[in-house]
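Sequence lines, in order, name chains A and B.
Those letters in the first sequence? Residues 1 to 281, per the numbering used here, in order.
Those letters in the second sequence? Residues 1001 to 1020, per the numbering used here, in order.
In this text, a Cβ means the ideal position worked out from N, Cα and C, and glycines have one as well.
Note sheet for the following structure.
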Amino acid sequence: PESADLRALAKHLYESYLKYFPLTKAKARAILSGKTSGSAPFVIHDMKSLTEGEQFINCRQMPVMEQRSEFGHVQESASEVELRFFHRWQYRSAEAVREVTEFAKSIPGFVSLDLNDQVTLLKYGVIEVLIIMTASLMNKDGMLISYGQIFMTREFLKSLRKPFCEMMEPKFEFAIKFNMLELDDSDMALFLAVIILSGDRPGLLNVKPIEDLQETVLQTLELQLKMNHPDSLQLFAKVLQKMTDLRQLVNDHVHLIQLLKKTEVDMCLHPLLQEIMKDLY
Amino acid sequence: KEKHKILHRLLQNSTSPVDL
């Protein structure tokens, strides 16, 4: 009966993962390997294709002033294009934070935690979750963006000016190793919940109920990995080890963003991302 | 609480889309 409860939890979290996250790993892998019936993604590999591909970028959240005017074809410098692309990226990230928040709220027991602790768990967990989810969209040559409509090459991201060029490379390195574990979407749902329910985030008021919730999800993840990957030795331990790398990645990411804020006078950070990154590490 | 206004709002509003 206890294992039946854990299976039910795994099913529930997988269902809410499918409900809140628009691009699953299964779908992303199909697009990346060219196995979808739809059209192939638009490839951005240089400044010219970036300018052309902007029309495909899903930017529901962009303020009107950010949209290209009818005079958009007047000479634009590469740095303007880079900056505008970064803005769009940010708005998609803020939308992704909202998706992760809805997913967190669907974890049984999460909304009963102290509201301040819910905020702390999200503040510290959300970038880790987004990095893990981005790994699903990456291969060694590039990554899908805009809900899978665009493939942006790794070389192009590396060619941007400093410090933009340094933003994604560590995530690619992480993703290539993480993807070797071959987790599927149902495993990912549980792993993301484990990350969110970390009882050691700074400033938590009431750690015990968080640890209790995490313990149940950890047992579920362990059982799930044994059943889903019977031949993969020590997979549970390997997955948990990734949590250490993630913290370092987030730390480096936040420092890069802080550097950007100093060097790019025209850059304004989305208010939600500001809230999350302020005094994070 | 003021420091994390939007996060609070995202957590407290149920499924309705939040103006980010």
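Alpha-carbon spacing of residue i relative to residue j, whole angstroms
i                 : j                  : result
Asp46 of chain A  : Glu102 of chain A  : 35 Å
Lys278 of chain A : Leu121 of chain A  : 14 Å
Phe164 of chain A : Pro170 of chain A  : 12 Å
Ala4 of chain A   : Leu190 of chain A  : 16 Å
Asp184 of chain A : Lys177 of chain A  : 15 Å
Tyr147 of chain A : Lys19 of chain A   : 15 Å
Arg92 of chain A  : His1004 of chain B : 19 Å
Glu275 of chain A : Leu1007 of chain B : 8 Å
Gly109 of chain A : Glu76 of chain A   : 51 Å
Ile145 of chain A : Glu52 of chain A   : 15 Å
Val81 of chain A  : Lys162 of chain A  : 14 Å
Ala10 of chain A  : Leu260 of chain A  : 40 Å
Lys25 of chain A  : Ser33 of chain A   : 12 Å
Leu13 of chain A  : Phe156 of chain A  : 36 Å
Leu83 of chain A  : His229 of chain A  : 43 Å
Phe71 of chain A  : Glu54 of chain A   : In this prediction, Phe71 of chain A scores a pLDDT of 46, lower than 50, which makes its location untrustworthy; the coordinate-derived value is nonetheless stated afterwards. If I take the Cα positions, the gap works out to 15 Å.
Asp231 of chain A : Asn1013 of chain B : 43 Å
Asp114 of chain A : Ser159 of chain A  : 45 Å
Residue i, buried or exposed, once every other Cβ within 10 Å from all chains shown has been counted against 16
i                  : result
Gly38 of chain A   : exposed
Gln234 of chain A  : exposed
Pro41 of chain A   : buried
Leu1011 of chain B : buried
Thr244 of chain A  : exposed
Ser198 of chain A  : buried
Glu182 of chain A  : exposed
Thr220 of chain A  : buried
Ser136 of chain A  : buried
Lys262 of chain A  : exposed
Met180 of chain A  : exposed
Arg68 of chain A   : Confidence in Arg68 of chain A is poor, its pLDDT being 46 and thus under 50, which makes the residue's placement too unreliable to answer from.
Met227 of chain A  : exposed
Glu66 of chain A   : Confidence in Glu66 of chain A is poor, its pLDDT being 40 and thus under 50, which makes the residue's placement too unreliable to answer from.
Gln214 of chain A  : buried
For this session: Could you list the residues in the region 114 to 147 of chain A with a C-beta less than 8 Å from some C-beta on chain B, going in chain order?
Result: Leu115, Asn116, Gln118, Val119, Leu122, Lys123
For this session: Residues of the region 263 to 277 of chain A with a CB closer than 8 Å to any CB of chain D: list them in chain order, please.
Result: No chain D is present in this structure, whose protein chains are A and B.
Exercise. Got a sec: which bits of the region 77 to 111 of chain A sit with their beta carbon under 9 Å from any beta carbon on chain B, in order along the chain?
Worked result: Tyr91, Ala94, Glu95, Val97, Arg98, Thr101, Glu102, Ala104, Lys105, Val111
Exercise. Unbroken alpha helix (DSSP H) runs of length 4 or more, entirely within the region 78 to 131 of chain A: which are they?
Worked result: 78 to 105
Exercise. Which runs of the beta strand (DSSP E), 3 residues or longer, sit entirely within the region 5 to 53 of chain A?
Worked result: 42 to 44
For this session: Only counting runs of 4 or more residues, tell me where the alpha helix (DSSP H) segments fall wholly within the region 136 to 170 of chain A, in order along the chain.
Result: 154 to 159
Problem set entry | In chain order, each alpha helix (DSSP H) run of at least 4 residues that lies wholly inside the region 190 to 238 of chain A | 207 to 228
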